[in-house]
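Peer 1: Numbering (our numbering), first residue to last: 110 to 605. One structure, as structure tokens, below. Some questions next.
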Ligand SMILES: *Cc1c(COP(=O)(O)O)cnc(C)c1O
């Protein structure tokens with residue numbers, strides 16, 4: 110059965126490879142599958158599969174215009190020794206919850222799970238569609254996507270990648286990881302603004318006809334490595350199925366038993382992938398959407414009102430400091446009854462007034478979700494409590510998921526087994542993590558001294574991604590105003 114892709118804002122239809130190649134639809138909408146394929150294999154069969162086999166089983170249902178050979182070769186290229194464990198996404202039990210460690214790839218955040226395969230999917234899609242243009246990946250990052258996307262696309266023939274990050278909105282380690290990136294086709298630009306500014310400006314460039322024509326004449330075309338690209342979301346569905354399969358294999362659940370999934374959320378991409386897994390037929394009870402104090406999503410799930418008119422707060426979970434959660438548009442489209450016109454109207458309200466309110470009927474179909482948030486203090490207290498009880502150390506993003514899940518369980522009495530997406534290595538946010546666990550050891554120490562502290566506290570080896578940046582030279586130093594982003598792009602491409 111062929112799965113086609115339509116836009117959340119109009120009724121156009123394209124193939125999977127075309128959707129991946131374009132990234133964003135011309136009407137400004139996001140590509141969504143016209144139907145969600147079902148997991149037809151028995152769960153016990155899935156439980157016997159390796160990560161790669163499961164990735165093929167899940168992804169082949171969505172990417173139906175890729176041949177078996179093409180897709181298998183993408184998967185082989187992506188999930189190899191770049192990951193520091195053959196399990197790729199191991200599940201770790203601590204204090205009654207299951208932490209799905211998604212940070213074993215080369216940049217130690219969950220973005221590697223999809224961005225290690227996206228370059229393969231993209232170049233395969235380019236070939237399939239006879240594209241003769243060089244693909245320019247424009248990426249806005251709240252800290253982790255940028256590095257993971259560059260690691261994936263560095264020196265991939267036929268591509269250039271340009272990453273924009275908020276100058277004061279990422280951790281020191283995140284910034285160091287990005288500005289030391291190697292690869293002749295990688296470009297990193299710090300902007301004077303926040304993540305929402307960067308993401309909005311990038312989306313504007315995608316939809317700027319004149320700019321697209323100009324770069325087109327010079328032999329380029331834009332695409333996206335952000336989770337607005339469906340090629341990011343599909344690989345993310347895999348690890349939720351894999352988590353369930355591992356629980357089943359380890360005898361932690363019965364076949365068919367429902368589990369909860371908790372996801373620390375920013376742009377709503379990772380949790381949307383979990384929702385798609387549920388729609389495929391994975392036995393999932395609640396999707397627990399955890400926000401930090403930028404709690405626009407928690408408020409949305411409580412009231413049905415999406416209101417981004419509020420102060421943008423910088424937190425210790427910077428990759429979740431987001432007020433415009435792009436992927437929510439895909440959920441809105443679905444609960445509006447796959448009505449592109451209605452969805453487009455909500456989105457234009459959002460960009461016009463900063464707010465929209467969904468209907469009661471739409472709200473009624475949100476019962477799959479529970480939205481909650483945690484403050485900095487609750488986050489740190491939870492990280493510390495987990496460490497003191499079990500010795501297990503989680504990062505500050507996973508910490509938000511942890512705190513919100515613990516509160517949810519207390520509030521509802523729900524005892525279903527729960528998987529918490531563990532989205533980054535604690536090493537990536539060592540300053541905050543050591544601050545949470547052993548605040549008396551922080552004062553006067555550099556980032557790398559705190560990494561040494563963390564190694565002592567956690568007893569886990571330092572990941573290569575950290576060791577590398579201890580000595581790597583800075584290779585990128587461009588800083589730009591948000592308004593100048595288009596001219597920075599044209600300069601980089603030499604289009605004038
Ligand atoms: C990107 C990111 C998130 C948020 O994921 P979304 O898909 O944007 O909701 C959470 N934690 C970490 C560490 C991230 O890098």
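Cβ coordinates follow ideal geometry from the N, Cα and C atoms, glycine included.
Would you say the beta carbon of residue 331 is closer than 7 Å to some non-hydrogen atom of ligand 1?
Peer 2: No - ligand 1 has no heavy atom lying nearer than 7 Å to the Cβ of residue 331.
Peer 1: Should residue 147 be labelled buried (16 or more other beta-carbon atoms within 10 Å of its own) or exposed?
Peer 2: It is exposed - the Cβ of residue 147 has fewer than 16 other Cβ atoms within 10 Å.
Peer 1: For residue 353, name the three-state secondary structure that DSSP assigns.
Peer 2: Helix.
Peer 1: Taking 8 Å as the cut-off, decide whether the C-beta atoms of residue 119 and residue 449 are in contact.
Peer 2: In this structure, residue 449 lies closer than 8 Å to residue 119 by Cβ.
Peer 1: Tell me the residue span of the beta strand (DSSP E) that contains residue 228.
Peer 2: Residue 228 -> not in any beta strand (DSSP E); alpha helix (DSSP H) instead, spanning 227-237.
Peer 1: Residue 290: buried (16+ other C-beta within 10 angstroms of its C-beta) or exposed?
Peer 2: The residue is buried, with at least 16 neighbouring Cβ atoms inside 10 Å.
Peer 1: Indicate the three-state DSSP secondary structure (helix, strand or coil) for residue 119 in the structure shown.
Peer 2: Looking at residue 119 - three-state DSSP - the assignment turns out to be coil, as it is neither helix nor strand.
Peer 1: Per DSSP, what kind of secondary structure is residue 369 in: helix, strand or coil?
Peer 2: If DSSP states are grouped into helix, strand and coil, residue 369 belongs with the strands.
Peer 1: Can you look up residue 484 in the DSSP assignment and give me helix, strand or coil?
Peer 2: Three-state result, residue 484: coil.
Peer 1: Can you give the beta carbon distance from residue 334 to residue 258, rounded, assuming they're within the 8 Å contact cut?
Peer 2: Yes, residue 334 and residue 258 are in contact; Cβ-Cβ is about 4 Å, under 8 Å.
Peer 1: Is the separation between the beta-carbon of residue 567 and that of residue 502 shorter than 8 Å?
Peer 2: Yes, these two residues count as a Cβ contact at 8 Å.
Peer 1: Quick check on the DSSP output: what are the complete alpha helix (DSSP H) runs of length 4 or more inside the stretch 454-479, in order along the chain?
Peer 2: As far as the stretch 454-479 is concerned, its whole alpha helix (DSSP H) runs of at least 4 residues are 469-473.
Peer 1: Let me know the secondary structure DSSP gives residue 427 once reduced to three states.
Peer 2: It is helical.
Peer 1: Does ligand 1 have even one heavy atom less than 7 Å from the beta-carbon of residue 428?
Peer 2: Yes, the Cβ of residue 428 comes within 7 Å of a heavy atom of ligand 1.
Peer 1: Roughly how many whole angstroms lie between the Cα atoms of residue 353 and residue 332?
Peer 2: Between residue 353 and residue 332, the C-alpha separation is close to 33 Å.
Peer 1: How many angstroms separate the CA atom of residue 310 from the CA atom of residue 565?
Peer 2: If you take the alpha carbons of residue 310 and residue 565, they lie about 42 Å apart.
Peer 1: What is the rounded straight-line gap between the Cα of residue 536 and the Cα of residue 555?
Peer 2: Computed Cα separation, rounded: 14 Å.
Peer 1: Of all the alpha helix (DSSP H) runs that stay within the bounds of the stretch 150-193, which reach a length of 4 or more residues?
Peer 2: DSSP runs (the alpha helix (DSSP H)) wholly in the stretch 150-193: 152-156, 160-171, 177-187.
Peer 1: Taking the CB atoms as reference points, tell me whether residue 252 and residue 280 lie closer together than 8 Å.
Peer 2: Yes; because the gap between Cβ atoms is below 8 Å, this pair is in contact.
Peer 1: Would you report the Cα separation of residue 171 and residue 163, rounded to the nearest angstrom?
Peer 2: Rounded to the nearest angstrom, the two C-alpha atoms are 13 Å apart.
Peer 1: Tell me whether residue 164, by its Cβ, gets closer than 7 Å to a heavy atom of ligand 3.
Peer 2: No copy of ligand 3 occurs in the structure displayed; its ligands are ligand 1 alone.
Peer 1: Reducing DSSP to helix, strand and coil, say where residue 562 ends up.
Peer 2: In the structure shown, residue 562 sits in a helix (DSSP, three-state: H, G or I).
Peer 1: Check whether the Cβ atoms of residue 467 and residue 413 lie closer than 8 Å to each other.
Peer 2: Against a cut-off of 8 Å, the Cβ pair of residue 413 and residue 467 comes out as a contact.
Peer 1: Going by Cα to Cα distance, which pick from 174, 200, 498 is closest to residue 357?
Peer 2: If we check each option's Cα against that of residue 357, 200 comes out closest.
Peer 1: Can you find the residues in the same chain that come closer than 8 Å, C-beta to C-beta, to residue 301, ignoring five residues on each side of it along the sequence?
Peer 2: Excluding residues within five positions, the ones whose Cβ falls inside 8 Å are 276, 588, 589, 590, 591.
Peer 1: Ordered along the chain, which non-local residues of its own chain (more than five positions away) have a Cβ less than 6 Å from that of residue 343?
Peer 2: Hits under 6 Å: 168, 171.
Peer 1: Any heavy atom of ligand 1 inside 7 Å of the beta-carbon of residue 220?
Peer 2: Within the cutoff, so yes.
Peer 1: Could you give the DSSP three-state label for residue 114: helix, strand or coil?
Peer 2: Residue state, collapsed to three classes: strand.
Peer 1: Could you tell me whether the stretch 433-448 touches the stretch 372-380, using the rule of 3 or more Cβ pairs below 8 Å?
Peer 2: Verdict: yes, contact present.
Peer 1: DSSP state of residue 404, grouped into three classes?
Peer 2: Looking at residue 404 - three-state DSSP - the assignment turns out to be coil, as it is neither helix nor strand.
Peer 1: Would the beta-carbon of residue 491 fall within 8 Å of that of residue 371?
Peer 2: No.
Peer 1: For residue 409, name the three-state secondary structure that DSSP assigns.
Peer 2: Residue 409 falls in the helix class under three-state DSSP.
Peer 1: In this structure, does DSSP put residue 381 in helix, strand or coil?
Peer 2: Of the three classes helix, strand and coil, the one that applies to residue 381 here is helix, per DSSP.
Peer 1: Return the bridge partner residues of residue 207 from the DSSP annotation.
Peer 2: Answer by DSSP bridge pairing, in chain order: 202, 528.
Peer 1: Counting pairs of Cβ atoms below 8 Å between the stretch 263-271 and the stretch 153-163, do you hit three or more?
Peer 2: The stretch 263-271 is not in contact with the stretch 153-163.
Peer 1: Is residue 610 buried or exposed, if buried means 16 or more other CB atoms sit within 10 Å of its CB?
Peer 2: Missing from the structure shown is residue 610; the chain here goes from 110 to 605 and no further.
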